[in-house]
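Peer 1: Residue numbers (the numbering used here), protein chains in the order written: chain A, 408 to 657; chain B, 114 to 540. Note that the Cβ used here is the ideal one computed from N, Cα and C, for glycine as well. All values derive from a computational prediction rather than experimental measurement. Please find one structure pasted underneath; my questions will follow.
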C-alpha cells in the first residue's frame with residue numbers, strides 16, 4: 408500500500424534512510440513539565456509509529472488521550488523526555504530548537520482543528536505565510552509563490568475569496584485555506600489535528616476529498632488525527648492512539 | 114515581512130491601537146508641554162532684560178541689585194553720583210549708558226525716572242526693543258510714559274494726568290502739586306516694564322526740588338536734587354535749570370563684549386565711589402538656580418506623566434496578548450521561531466510608541482500655536498514655537514526606548530507561552 412503512484416513520480420526527492428519511513432517514532436516518552444504533578448508521570452508513551460511516503464495515516468483517539476501532544480512532538484514544537492522522532496530520516500532530538508523550527512517550516516504543513524488563520528491577513532497572505540517565514544519552502548515552488556498560492560486556492564474552490572479577509576470566510580472555507588497553507592511549497596508531511604470536527608458531514612467529505620487530492624498532487628504523507636471513527640475507512644491505515652499510548656490509564 | 118505582519122496586526126486591532134497611540138500621544142504632548150513651560154519660564158525670566166552688558170549700582174548685594182533694577186522689587190538706600198555715571202558713559206569701552214532713578218510710585222506701580230536712551234537701548238526677549246502703542250518717550254519735565262499693564266488696569270491714555278507719590282504707597286506723601294501728563298503708552302513686553310511708569314530724571318528732580326534735603330531722603334530713598342541757587346523758586350523750574358545730582362543705578366552697553374569682565378572689575382574697584390557692577394545673565398541664572406525647586410518639580414511631573422502613558426501601553430499590549438495566543442500558535446506551526454514572535458511584539462510596541470511620539474508632537478505644537486497668545490497675556494509667559502530642543506529630543510528618545518522596553522514584557526511573556534503552549538492553545 409505504501410508506495411503509491413505519486414511516490415514513484417516523486418522519486419527524485421531527498422533520499423530517505425534504508426528504513427524508508429517519512430516519519431518514524433521510536434520509544435517516545437513525554438510528560439509536561441508540570442510542577443503540580445509528579446515528574447514521573449508521562450502522558451505519552453509510544454513504542455513505534457511509522458509513516459511512508461505519500462501514505463495517509465488516520466490516528467483515532469478520544470479527547471484527552473494525547474493526540475495534540477503527539478502532533479506537537481511530531482512537529483518538533485515539544486521535546487520528548489526520551490525516545491526519538493525522525494522526519495525524513497533526521498532526528499528532531501538532535502537539532503537545536505531553532506533548526507527544528509526551520510525544519511518544520513520547510514517540511515511540515517500543519518492544520519489546526521479551527522481558528523487556523525491570522526484574521527488580519529487576506530486569504531492569499533494566509534496561504535503564503537509559510538513562504539514568508541521560510542526560504543526553503545519558497546524555493547521549492549517553481550513558479551512565483553503567489554501563482555502557486557492562487558493555483559492551490561483555485562483547486563480548493565477558493566478562487567473568489569483570495570482577497571477577502573479571513574474573518575469573512577465560513578468555517579469550511581477557512582479550513583480549506585488552512586489546507587492550502589499547509590500544502591504550499593510541497594511539504595513532505597502534512598499534519599492535521601481534527602480539521603473537520605467543526606464541519607457537517609457533507610462538508611467533511613468534501614474537505615477530505617480535496618485534502619487527499621492535493622496531498623497526492625505533491626505526494627505528501629498525511630497524518631490525520633480525529634475522534635471521529637467514521638472517517639477511518641478513507642485512509643490507507645489507521646491506529647488507535649489509546650491502544651498505542653501506554654501511558655494512558657483509563 | 115515581520116513588519117508587514119506587525120502592521121496588519123495593529124491595523125486589525127485599530128481601535129485599541131489607536132487608543133493606545135492616543136494615550137501615549139497625550140503623555141508625550143504633556144511631557145513636551147511641561148518641558149516647554151519649564152524652559153519658557155526660565156527664558157522669560159532671563160529674558161526680562163537683554164542687550165545690557167552690565168548693571169551698575171551701589172554696593173548692595175548682587176541679588177538685591179538685580180531685583181530692584183530688573184524686577185522692580187525692593188530698593189536701595191544709596192545713590193550714585195551723577196558725575197560718576199557721566200565718567201562711565203564716556204568710558205572708551207562703553208557704547209551706551211542708561212541712567213535711572215527709583216523711589217516714587219503711582220497707585221502701586223513703580224515710577225522709574227530715566228532719559229530717552231532707556232527706550233532706545235533697553236531690550237527684552239532676545240533683543241526685542243520697547244515699542245510704543247501710542248505717543249513717544251517723555252520729553253518735558255512733567256511728561257510720563259506708562260507700561261501696558263498700567264494703561265490696562267488704570268484705564269489711562271495719552272493725555273491723562275497723574276500724580277506721583279513718594280515711596281511705594283499713595284497718600285502719604287503725594288507730589289500732587291506737580292501732576293504729570295501721559296505722553297506715551299508702551300506695548301506689551303511680558304516683563305516688569307509693563308508695570309512701570311516712566312518719567313524723566315529732570316522730572317523726578319523737579320518734584321523733589323522744593324523739599325528740605327533731609328526729609329525726603331529719610332522718608333524715601335531716591336535721588337535728591339542739589340538745591341543750588343537756581344532752585345529757590347521750586348515748582349516753576351525749567352528743565353534747563355535743573356541739575357541732576359545722583360541716580361539709583363545705570364545700565365551699560367559695551368562696544369565689545371570682550372571688555373565686559375574687565376570693565377566690571379574696573380567698576381567694582383572704583384576708588385571714588387563704592388560701586389557694584391553685575392552681568393545680568395550671570396546674576397539672573399544665579400537667581401534662577403535659587404528657585405530651582407520649580408524646575409525639579411516640573412521635571413518630576415514630566416516623569417510621572419510619561420510613566421502613566423507607558424503603563425497604559427503596557428496594559429493594552431499585555432491584555433491583547435491573551436487573545437493573541439492563537440495567532441502565536443499559528444506562527445509557530447508554520448515554523449516561525451519564538452524569536453520572530455518576540456520581534457513581532459517588540460516591533461508593535463516600537464510602532465505604537467513611534468506613532469504616539471508623532472501624535473504627541475502634533476498635539477503639542479497644535480496646542481502651543483493655539484495657546485500661545487493666551488499664555489502670553491495671562492501669565493506673561495512667552496513660549497517660542499521652534500523645533501524640539503536637544504533635551505526634548507532626548508526625552509522623545511527615552512520615551513521610545515522605554516516603549517520598546519515595555520514591549521519586552523509582553524514579548525517575553527509570549528515567548529514563554531509559545532514554548533509551553535506548543536501548538537495547542539488553552540484559551
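Starting from residue 121 of chain B, find everything on chain A with Cβ-Cβ shorter than 7 Å and list it in chain order.
Peer 2: Here residue 121 of chain B is taken as the residue at index 8 of the second chain, counted from 1. Residues of chain A passing the Cβ test: 527, 528.
Peer 1: Say whether chain A places a C-beta atom closer than 9 Å to the C-beta of residue 148 of chain B.
Peer 2: Within the second chain, numbered from 1, the residue matching residue 148 of chain B stands at position 35. Chain A, which has no Cβ nearer than 9 Å to the Cβ of residue 148 of chain B, makes this no.
Peer 1: What residue range does the alpha helix (DSSP H) around residue 451 of chain B cover?
Peer 2: For this step, residue 451 of chain B is matched to residue 338 along the second chain. 451–492 is the extent of the alpha helix (DSSP H) around residue 451 of chain B.
Peer 1: Going along the region 496–512 of chain A in order, which residues come within less than 7 Å of chain B, judged by CB to CB distance?
Peer 2: From the region 496–512 of chain A, only 505, 508, 509, 511, 512 have a Cβ closer than 7 Å to chain B.
Peer 1: Can you give the Cα-Cα distance for residue 457 of chain B and residue 450 of chain A, rounded to whole angstroms?
Peer 2: Mapped onto the second chain, residue 457 of chain B falls at position 344. Mapped onto the first chain, residue 450 of chain A falls at position 43. Their backbone Cα atoms lie some 33 Å apart in a straight line.
Peer 1: Can you give me the Cβ contacts of residue 376 of chain B inside the same chain, cut-off strictly under 6 Å, excluding the 5 residues immediately before and after it?
Peer 2: Along the second chain, one-based indexing puts residue 376 of chain B at 263. Within the same chain, residue 376 of chain B has close Cβ partners 206.
Peer 1: Between A/436, A/526, A/431, A/572, which has its C-alpha nearest residue 652 of chain A's C-alpha?
Peer 2: Locating residue 652 of chain A in the first chain gives position 245, where the first residue counts as 1. The candidate whose alpha carbon is nearest that of residue 652 of chain A is A/436.
Peer 1: For residue 568 of chain A and residue 151 of chain B, I'd like the C-alpha separation in whole angstroms.
Peer 2: Start at 1 with the first residue of the first chain, and residue 568 of chain A comes out as number 161. Start at 1 with the first residue of the second chain, and residue 151 of chain B comes out as number 38. Computed Cα separation, rounded: 57 Å.
Peer 1: What do you reckon, are the CB atoms on residue 357 of chain B and residue 179 of chain B nearer than 9 Å?
Peer 2: In the second chain, the residue the question calls residue 357 of chain B occupies position 244. In the second chain, the residue the question calls residue 179 of chain B occupies position 66. No, they are not a contact pair.
Peer 1: Would residue 486 of chain B be called buried (16 or more neighbouring beta carbons within 10 Å of its own) or exposed?
Peer 2: On the second chain, position 373 is the one that residue 486 of chain B refers to. Result: exposed.
Peer 1: Rounded to whole angstroms, what's the CA-CA distance from residue 523 of chain A to residue 654 of chain A? Just pull it up for me.
Peer 2: Stepping through the first chain from its first residue, residue 523 of chain A is reached at position 116. Stepping through the first chain from its first residue, residue 654 of chain A is reached at position 247. Their Cα atoms are separated by approximately 29 Å.
Peer 1: Could you list which residues in chain B have their beta carbon closer than 7 Å to that of residue 522 of chain A, in chain order?
Peer 2: To locate residue 522 of chain A, count along the first chain from 1; it is residue 115. Result: 439.
Peer 1: Where do the N-terminal and C-terminal ends of the beta strand (DSSP E) with residue 227 of chain B fall, by residue?
Peer 2: For the purposes of this step, residue 227 of chain B is taken as the residue at position 114 of the second chain. Run containing residue 227 of chain B: 222–227, per the beta strand (DSSP E) assignment.
Peer 1: Ignoring anything shorter than 4 residues, give me the alpha helix (DSSP H) runs that lie fully in the region 453–502 of chain A, in order along the chain.
Peer 2: Segments of the alpha helix (DSSP H) lying fully in the region 453–502 of chain A: 474–481.
Peer 1: Please return the same chain residues whose Cβ sits closer than 6 Å to the Cβ of residue 320 of chain B, not counting the five positions on each side in sequence.
Peer 2: Sequence index remark: in the second chain, residue 320 of chain B carries index 207 (1-based). Cβ neighbours of residue 320 of chain B beyond the five flanking positions: 288, 291.
Peer 1: Around the Cβ of residue 124 of chain B, are there at least 16 other Cβ atoms within 10 angstroms (buried) or fewer (exposed)?
Peer 2: Locating residue 124 of chain B in the second chain gives position 11, where the first residue counts as 1. Label assigned to residue 124 of chain B: exposed.
Peer 1: So, using beta-carbon positions, are residue 137 of chain B and residue 509 of chain B closer together than 9 Å?
Peer 2: Indexing the second chain from 1 puts residue 137 of chain B at position 24. Indexing the second chain from 1 puts residue 509 of chain B at position 396. Result no, Cβ atoms of residue 137 of chain B and residue 509 of chain B do not sit closer than 9 Å.
Peer 1: Comparing C-alpha positions only, which one of B/286, B/258, B/267, B/318 sits nearest to residue 294 of chain B?
Peer 2: Stepping through the second chain from its first residue, residue 294 of chain B is reached at position 181. For residue 294 of chain B, the nearest C-alpha among the options comes from B/258.
Peer 1: So, helix, strand or coil for residue 274 of chain B, using DSSP?
Peer 2: Taking the first residue of the second chain as 1, we reach residue 274 of chain B at position 161. Strand at residue 274 of chain B.
Peer 1: So, for residue 193 of chain B: in the same chain, excluding its five sequence neighbours on each side, which residues have a beta-carbon less than 8 Å away from its beta-carbon?
Peer 2: Sequence index remark: in the second chain, residue 193 of chain B carries index 80 (1-based). Cβ neighbours of residue 193 of chain B beyond the five flanking positions: 169, 170, 171, 359, 360, 361, 362, 363, 386, 388.
Peer 1: If contact means a Cβ-Cβ distance below 8 Å, which residues of the region 539–571 of chain A contact chain B?
Peer 2: So the list reads 539, 540, 541, 544, given in the order they occur along the chain.
Peer 1: What is the C-beta distance between residue 245 of chain B and residue 299 of chain B, in whole angstroms, given that I count them as a contact (C-beta under 8 Å)?
Peer 2: Position 132 of the second chain, counted from the first residue, corresponds to residue 245 of chain B. Position 186 of the second chain, counted from the first residue, corresponds to residue 299 of chain B. Their Cβ separation, rounded to whole angstroms, is 6 Å, which keeps residue 245 of chain B and residue 299 of chain B in contact under 8 Å.
Peer 1: Along the chain, where does the alpha helix (DSSP H) that runs through residue 514 of chain A open and close?
Peer 2: Looking up residue 514 of chain A in the first chain gives position 107. Its alpha helix (DSSP H) spans residues 504–514.
Peer 1: So what's residue 548 of chain A in DSSP terms, helix, strand or just coil?
Peer 2: Here residue 548 of chain A corresponds to residue number 141 of the first chain, with the count starting at 1. Correct three-state label for residue 548 of chain A: coil.
Peer 1: DSSP state of residue 671 of chain A, grouped into three classes?
Peer 2: The structure shown does not extend to residue 671 of chain A, since chain A spans only 408 to 657, so no value can be given for it.
Peer 1: From the DSSP output, in three-state form, read off residue 208 of chain B for me.
Peer 2: Position 95 of the second chain, counted from the start, is the residue given in the question as residue 208 of chain B. Strand at residue 208 of chain B.
Peer 1: Using a Cβ distance threshold of 8 Å, determine whether the region 596–610 of chain A contacts the region 535–543 of chain A, with at least three qualifying pairs required.
Peer 2: Output reads no: the region 535–543 of chain A does not touch the region 596–610 of chain A.
Peer 1: From the DSSP output, read off the bridge partner residues of residue 167 of chain B.
Peer 2: Within the second chain, numbered from 1, the residue matching residue 167 of chain B stands at position 54. For residue 167 of chain B, which the question treats as bridged, DSSP gives the partners B/365.
Peer 1: Does any residue of chain B bring its CB to less than 9 Å from the CB of residue 494 of chain A?
Peer 2: What you label residue 494 of chain A is simply residue 87 of the first chain in a count that begins at 1. For residue 494 of chain A, the answer is no, since every Cβ of chain B falls outside 9 Å of its Cβ.
Peer 1: Taking DSSP as the reference, what is the three-state secondary structure of residue 269 of chain B?
Peer 2: Stepping through the second chain from its first residue, residue 269 of chain B is reached at position 156. DSSP places residue 269 of chain B in coil when its eight states are reduced to three.
Peer 1: Thinking C-alpha only, which one of B/528, B/131, B/148, B/140 is nearest residue 409 of chain B?
Peer 2: Against the second chain, residue 409 of chain B aligns to sequence position 296. When only C-alpha atoms are compared, the closest one is B/148.
Peer 1: On a Cα-Cα basis, can you pick out the residue from A/429, A/513, A/455 that is closest to residue 462 of chain A?
Peer 2: Here the question's residue 462 of chain A lines up with position 55 in the first chain. If we check each option's Cα against that of residue 462 of chain A, A/429 comes out closest.
Peer 1: Taking the Cβ atom as the reference point for each residue, do residue 516 of chain B and residue 449 of chain B lie within a distance shorter than 9 Å?
Peer 2: As a first step, residue 516 of chain B must be located in the second chain, where it is residue number 403. As a first step, residue 449 of chain B must be located in the second chain, where it is residue number 336. Result no, Cβ atoms of residue 516 of chain B and residue 449 of chain B do not sit closer than 9 Å.
Peer 1: Could you compute how far the alpha carbon of residue 472 of chain A sits from the alpha carbon of residue 467 of chain B?
Peer 2: Start at 1 with the first residue of the first chain, and residue 472 of chain A comes out as number 65. Start at 1 with the first residue of the second chain, and residue 467 of chain B comes out as number 354. Cα-Cα distance, rounded: 47 Å.
Peer 1: Between the beta-carbon of residue 646 of chain A and the beta-carbon of residue 598 of chain A, is there less than 9 Å?
Peer 2: On the first chain, residue 646 of chain A is found 239 positions in, with the first residue counted as 1. On the first chain, residue 598 of chain A is found 191 positions in, with the first residue counted as 1. Result no, Cβ atoms of residue 646 of chain A and residue 598 of chain A do not sit closer than 9 Å.
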